[in-house]
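The block underneath contains the structure these notes are about, expressed in structure tokens.
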Amino acid sequence: MLIRLLEKGFGKRADARRLPVPGPPNRGPFNRDFWRSPLRGPWLASLLSAALLPLLVVTALTGFLSHVAYETELPGNAIGGSDGILAPIYRALDWPAGWAWLYAVNQGVHIVAGFAAAPILLAKLWAVIHKLWERPAVRTLAHLLERISLALLVGGALFVFVTGVFNIQIYYPWKFSFVPSHYWASFIFLGALAFHIALKFPVMRKAFRENGVVAPLRRDLASTAAEASSASESVPTDPAPPTISRRGFVAVVGGTSVGLTVMMAGQSIGGPLRDLAVLAPRGRDYGSGPNDFQINKTASAAGIESTRTGPSWTLELVGTRKEMLTRDELLVMTQATHDLPIACVEGWSTTQSWTGVPLRDLARLAGAREDDILLVESLQESGSFRDAALHPAQISDPRSLLALKVNGADLSLDHGFPARIIVPALPGVHNTKWVASMTFRSA
Amino acid sequence: MARFARNYGAGPLHLLSALASFAVAGYAALRIRELGAPGNVAFWFVGVIVAHDLLLLPLYSLVQSVASRLSRAQARPARAGAPPPPGVLLLNHVRVPAMIAGLLFGLFFPAILGRNEGYVDASGLESDVYLGRWLALTAALFVLSGLLYAVRRGRSLAAHTG
């Protein structure tokens with residue numbers, strides 16, 4: 027009944043629009059006739075989608091792996107809300123410490139793929155904008171569901187991109203918490219994307235069969251015309267003369283994507299490539315001293331007072347017994363030195379040479395059991411990431427340190443003096459700075 | 002089955018996959034509702050659609066259509082029966098660097114305008130370098146595009162006269 031009503035209601039308007047309209051057609055932007063670029067059509071939309079999809083898959087996968095790396099099932103590690111019905115999956119997956127570069131690469135790829143996708147996403151939305159204003163607005167119930175799903179698709183895509191891009195610049199013009207909102211909105215986006223792919227895969231196949239995959243890229247401006255498509259509602263009703271060839275358009279979009287890739291990869295790979303990260307938040311040079319490298323949170327921002335980090339500082343080490351250790355006592359223990367990255371969720375990293383006491387030696391000293399987890403608390407009294415929990419494999423890796431020095435010098439206050447955690451492949455913020463206490467206990 | 006397809010507008014698999022994707026979205030929305038400020042998430046979810054589809058895209062399309070109208074004289078053959086215009090439009094060499102600079106601004110404006118107040122606390126650095134970097138990048142894009150135009154134009158003219 028409802029369907030009939032919908033059909034009738036909108037069907038009439040559709041018939042009316044098919045009558046010859048006297049005078050100039052309606053050219054307001056809220057009518058599909060306004061969108062006259064001859065480049066718009068199923069082939070261009072399909073080519074952009076074919077480029078976009080692998081980038082989105084990579085961005086989504088690395089995003090979920092990052093959630094695994096945060097080990098949200100350990101006490102204090104969850105950032106907002108619970109994992110809900112996905113909790114068993116995250117409980118089952120332990121983020122390994124074996125490959126020190128793993129989190130740096132994962133997040134570098136996440137941010138690079140996301141930024142590389144941004145111009146293609148915008149081009150894709152441009153290529154199909156006329157579909158937003160198609161008439162009749164709703165043909166059938168199936169069509170209505172498709173349009174609702176498109177709102178979730180476009181809203182979800184723009185939401186995860188905008189929040190992600192703002193987050194890496196530490197810009198929060200909203201009231202919600204970034205991590206859980208970005209995370210759960212990606213499910214809305216990906217659910218709608220799966221439905222969209224199922225619907226549009228045949229359209230893509232047909233567009234490539236009718237036009238060839240790359241054949242339209244061979245034509246120059248003079249021979250550029252609207253797509254010959256049997257799907258007439260997908261091409262402009264009254265195409266304007268072309269002002270750019272399809273290969274020109276694709277070259278601009280692709281070139282921008284490559285440029286952003288270089289820029290965002292620079293702050294992840296570091297070294298001389300960091301200079302290429304011109305606009306990236308972490309393409310900055312701190313100088314040439316042993317402590318001159320990227321900081322994630324300054325001591326003053328964390329409210330660390332120098333009175334508490336002075337000679338009176340002691341580490342509270344708790345296991346089956348409790349020890350209080352001064353920095354000098356820690357320094358006379360067996361020291362180990364390892365090159366390890368700090369890798370931020372925001373897609374930048376920096377590898378430095380850290381010296382300190384292996385966590386497993388401290389576990390032995392505290393009388394910890396083999397399957398104990400480790401809770402690390404900072405001198406920082408409030409705010410996020412003042413504590414973090416590590417799982418047994420992260421404690422027992424020989425390169426996991428309570429670092430006291432970096433590049434041969436004492437840690438600076440901004441890098442966590444008197445002592446900080448550094449663990450291979452651990453998300454940067456879990457490498458707790460200004461450590462106050464370490465507690466080994468069963469999970 | 003045929004009646005279902007007629008009434009619904011597609012096959013049953015279409016309906017099932019639509020419902021499955023809505024179920025995922027619904028569950029995610031439930032999780033978001035448990036967080037602080039779910040209304041603000043909804044506001045931003047709708048806001049980004051409105052900002053892009055109803056403001057940003059129509060606006061830059063309008064600017065482009067004005068620009069292409071201005072450049073139409075260049076594209077038109079000087080006289081009837083003249084050879085087709087050379088495939089180099091000044092329009093593209095202006096709007097392409099402008100679009101890329103605009104995209105970069107759109108992506109990095111919090112840093113460029115210094116609106117990201119948390120950046121100082123996070124990095125220990127001021128974010129005052131980004132406006133200069135973006136302007137330099139924009140200038141470089143226009144210079145590069147201009148050089149490319151000169152080369153392409155020269156080649157195209159040589160091909161037409163030679």
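First to last, the sequence lines map onto chains A and B. Residue numbers for the first sequence follow the working numbering, beginning at 27 and rising by one. Residue numbers for the second sequence follow the working numbering, beginning at 2 and rising by one. Beta carbons: idealized from backbone N, C-alpha and C, even for Gly. Treat the numbers as computed from the prediction; the structure is a model and nothing was measured.
**Report entry** Interface partners of glycine 110/A on chain B, CB under 7 Å
**Finding:** Result: Arg32.
CB contact below 8 Å: tyrosine 197/A versus chain B
yes
Query raised in the report: Do alanine 462/A and leucine 405/A have their CB atoms nearer than 8 Å?
Result: yes
**Prompt:** Can serine 283/A and proline 424/A be called in contact, C-beta distance under 8 Å?
**Reply:** no
Q. How would you list, in chain order, the residues of chain B whose beta-carbon sits under 9 Å from the beta-carbon of threonine 324/A?
A. Within 9 Å Cβ-Cβ: Val121, Asp122, Ala123, Ser124 and Gly125.
### Task
Check the Cβ of tyrosine 131/B against every Cβ in chain A and list those closer than 8 Å, keeping chain order.
Leu305
- Query: How about leucine 428/A and valine 383/A: are their beta carbons less than 8 Å apart?
  - Reply: yes
### Message
Taking its Cβ as the centre, do 16 or more other Cβ atoms sit within 10 Å of valine 371/A, making it buried, or is it exposed?
### Response
Flag for valine 371/A reads buried.
Check whether the Cβ atoms of histidine 156/A and proline 262/A lie closer than 8 Å to each other.
yes
Notebook entry, point to check: Does the pairing of the segment 353 to 362 of chain A with the segment 103 to 118 of chain A give three or more beta-carbon distances under 8 Å?
Noted result: Judged by Cβ distances under 8 Å, the segment 353 to 362 of chain A makes no contact with the segment 103 to 118 of chain A, as fewer than three pairs qualify.
| query | Does DSSP classify proline 84/B as helix, strand or coil? | reply | Any reading at proline 84/B must be qualified, since the residue scores a pLDDT of 48, below 50, and its modelled position is unreliable; no value is offered.
request  = Indicate the three-state DSSP secondary structure (helix, strand or coil) for lysine 323/A in the structure shown.
outcome  = Looking at lysine 323/A - three-state DSSP - the assignment turns out to be coil, as it is neither helix nor strand.
Boundaries (first-last residue) of the beta strand (DSSP E) holding leucine 427/A: 427 to 432
Which residues does DSSP list as the beta-bridge partners of histidine 135/B?
With the sequence shown as reference, residue 135/B is identified as tryptophan, and histidine is not the correct amino acid for it. For tryptophan 135/B, DSSP assigns no beta-bridge partner whatsoever.
**Where leucine 58/B meets chain A, residues with beta-carbon distance less than 8 Å** = Leu151, Trp152 and Ile155
For phenylalanine 5/B, which residues from the same chain have a beta carbon less than 7 Å from its beta carbon, with the 5 sequence-adjacent residues on both sides left out?
Excluding its 5 nearest sequence neighbours in each direction, phenylalanine 5/B has C-beta neighbours in its own chain below 7 Å: Pro13, listed in chain order.
Note to self: Could you check whether the Cβ of lysine 459/A sits closer than 8 Å to any Cβ belonging to chain B?
What the structure shows: no
- Excluding five sequence neighbours on each side, which residues of the same chain lie with their C-beta closer than 6 Å to the C-beta of glycine 49/A? The predicted position of glycine 49/A is uncertain, since its pLDDT is 43 and thus under 50; no value can be drawn from it.
- Task: Could you spell out where the beta strand (DSSP E) holding arginine 467/A opens and where it closes?
- Result: 461 to 467
Sequence ranges, alpha helix (DSSP H) only - wholly within the segment 274 to 334 of chain A, length at least 4:
You should have 325 to 328.
**Request:** Evaluate contact between the segment 20 to 35 of chain B and the segment 123 to 136 of chain A, counting only Cβ atoms and requiring at least three cross-stretch pairs below 8 Å.
**Result:** no
>> For a cutoff of 8 Å on Cβ pairs, would you count threonine 263/A as touching chain B?
In response: no
In the DSSP output, which residue or residues are listed as bridge partners for histidine 222/A?
Per DSSP, none; premise fails for histidine 222/A.
At least one CB of chain B closer than 8 Å to the CB of proline 50/A: is that the case?
With a pLDDT of 48 at proline 50/A, under the threshold of 50, the modelled position of this residue cannot be trusted; read the value that follows with caution. No, its Cβ sits nowhere closer than 8 Å to a Cβ of chain B.
Can you tell me the Cα-Cα spacing of serine 410/A and aspartate 129/B, whole angstroms? 26 Å
Exercise for review: In angstroms with no decimal places, state the Cα-to-Cα distance between alanine 19/B and alanine 183/A.
Suggested key: 18 Å
| message | Three Cβ pairs or more, each shorter than 8 Å: is that satisfied between the segment 58 to 75 of chain A and the segment 224 to 243 of chain A? | response | yes
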